[in-house]
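This is the structure:
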(Lines of atoms letter the chains of each structure in order from A and count residues from 1; the text may use other names and numbers.)
(Lines give C-alpha, C1' and ligand atoms only; values in the text may rest on other atoms or scores of the structure.)
Protein backbone atom coordinates (compact mmCIF):
# COMPACT_ATOMS: atom_id res chain seq x y z
CA UNK A 1 0.00 0.00 0.00
CA UNK A 2 1.29 3.45 -0.91
CA UNK A 3 2.01 6.00 1.79
CA UNK A 4 0.30 9.39 1.82
CA UNK A 5 3.53 10.93 0.58
CA UNK A 6 3.82 8.50 -2.33
CA UNK A 7 0.23 9.26 -3.32
CA UNK A 8 0.91 13.00 -3.18
CA UNK A 9 4.09 12.70 -5.26
CA UNK A 10 2.19 10.66 -7.84
CA UNK A 11 -0.48 13.37 -8.06
CA UNK A 12 2.16 16.09 -8.41
CA UNK A 13 3.94 14.19 -11.14
CA UNK A 14 0.60 13.83 -12.97
CA UNK A 15 0.11 17.60 -12.72
CA UNK A 16 3.60 18.13 -14.15
CA UNK A 17 2.67 15.83 -17.02
CA UNK A 18 -0.36 18.09 -17.68
CA UNK A 19 1.95 21.02 -18.40
CA UNK A 20 2.39 21.90 -22.06
CA UNK A 21 5.86 21.11 -23.42
CA UNK A 22 6.86 24.77 -23.54
CA UNK A 23 6.63 24.95 -19.73
CA UNK A 24 10.00 23.29 -19.32
CA UNK A 25 10.22 23.86 -15.56
CA UNK A 26 7.50 21.22 -15.16
CA UNK A 27 9.44 18.68 -17.22
CA UNK A 28 12.72 18.17 -15.33
CA UNK A 29 15.62 16.73 -17.28
CA UNK A 30 17.56 15.66 -14.19
CA UNK A 31 16.89 14.70 -10.57
CA UNK A 32 18.05 18.07 -9.24
CA UNK A 33 15.14 19.80 -11.04
CA UNK A 34 12.43 17.45 -9.76
CA UNK A 35 11.83 19.15 -6.36
CA UNK A 36 11.21 22.55 -8.01
CA UNK A 37 8.77 21.01 -10.51
CA UNK A 38 6.90 19.22 -7.73
CA UNK A 39 6.85 22.40 -5.64
CA UNK A 40 5.15 24.27 -8.47
CA UNK A 41 2.77 21.36 -9.06
CA UNK A 42 1.89 21.53 -5.34
CA UNK A 43 0.63 25.08 -5.91
CA UNK A 44 -1.30 23.88 -8.97
CA UNK A 45 -2.91 21.19 -6.82
CA UNK A 46 -4.13 23.76 -4.31
CA UNK A 47 -5.51 26.05 -7.02
CA UNK A 48 -7.21 23.12 -8.73
CA UNK A 49 -8.79 21.59 -5.63
CA UNK A 50 -9.54 24.66 -3.50
CA UNK A 51 -10.64 27.03 -6.23
CA UNK A 52 -11.76 24.67 -9.00
CA UNK A 53 -9.32 25.91 -11.63
CA UNK A 54 -9.16 23.07 -14.11
CA UNK A 55 -7.08 24.74 -16.81
CA UNK A 56 -3.31 24.48 -16.44
CA UNK A 57 -2.85 27.90 -18.05
CA UNK A 58 -5.40 29.53 -15.73
CA UNK A 59 -3.53 28.16 -12.71
CA UNK A 60 -0.10 29.03 -14.11
CA UNK A 61 -1.16 32.66 -14.59
CA UNK A 62 -1.74 32.94 -10.81
CA UNK A 63 1.64 31.56 -9.76
CA UNK A 64 4.14 34.27 -8.81
CA UNK A 65 6.83 32.03 -7.32
CA UNK A 66 10.30 33.30 -8.12
CA UNK A 67 12.83 35.91 -7.15
CA UNK A 68 11.35 39.13 -5.78
CA UNK A 69 7.95 37.51 -5.21
CA UNK A 70 7.69 39.01 -1.72
CA UNK A 71 7.07 35.58 -0.23
CA UNK A 72 3.88 35.14 -2.24
CA UNK A 73 3.91 31.99 -4.37
CA UNK A 74 0.46 32.45 -5.90
CA UNK A 75 -2.77 34.35 -5.48
CA UNK A 76 -6.44 33.89 -6.22
CA UNK A 77 -9.15 36.54 -6.42
CA UNK A 78 -12.68 35.45 -5.60
CA UNK A 79 -15.01 37.92 -7.23
CA UNK A 80 -18.00 36.20 -5.62
CA UNK A 81 -16.78 36.78 -2.05
CA UNK A 82 -14.64 39.86 -2.79
CA UNK A 83 -11.64 38.08 -1.28
CA UNK A 84 -8.01 37.98 -2.32
CA UNK A 85 -6.11 34.87 -1.27
CA UNK A 86 -2.33 35.07 -0.98
CA UNK A 87 -0.72 31.64 -1.15
CA UNK A 88 2.60 30.63 0.28
CA UNK A 89 3.61 27.00 -0.05
CA UNK A 90 6.42 24.66 0.86
CA UNK A 91 6.66 21.20 -0.63
CA UNK A 92 8.58 18.69 1.47
CA UNK A 93 10.97 16.81 -0.80
CA UNK A 94 11.36 13.77 1.41
CA UNK A 95 8.88 11.53 3.11
CA UNK A 96 10.63 12.11 6.43
CA UNK A 97 9.78 15.83 6.27
CA UNK A 98 6.23 15.24 5.10
CA UNK A 99 3.37 15.49 7.61
CA UNK A 100 5.64 17.01 10.23
CA UNK A 101 7.85 13.93 10.20
CA UNK A 102 5.01 11.79 11.57
CA UNK A 103 4.58 9.61 8.47
CA UNK A 104 1.17 7.97 8.13
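Numbering (this note's numbering), first residue to last: 4 to 107.
Glycine included, C-beta positions come from ideal geometry on N, C-alpha and C.
For residue i, which three-state DSSP category applies?
i, result
"residue 81", "strand"
"residue 8", "helix"
"residue 46", "helix"
"residue 107", "Note on residue 107: pLDDT 44, under 50, position unreliable in the model; no value is reported."
"residue 26", "coil"
"residue 94", "coil"
Contact defined as beta carbons within less than 8 Å: I believe residue i pairs with residue j. What is the distance between those atoms, to the nearest angstrom?
i, j, result
"residue 45", "residue 92", "6 Å"
"residue 108", "residue 76", "One cannot answer for residue 108 here, as it falls past the ends of the chain, which runs 4 to 107."
"residue 50", "residue 56", "5 Å"
"residue 94", "residue 41", "6 Å"
"residue 29", "residue 43", "7 Å"
Would you mind stating whether residue i and residue j have Cβ atoms separated by less than 7 Å?
i, j, result
"residue 98", "residue 26", "no"
Checklist entry - Within the chosen definition, does the stretch 31-41 reach the stretch 54-62 through at least 3 CB pairs nearer than 8 Å? => result no
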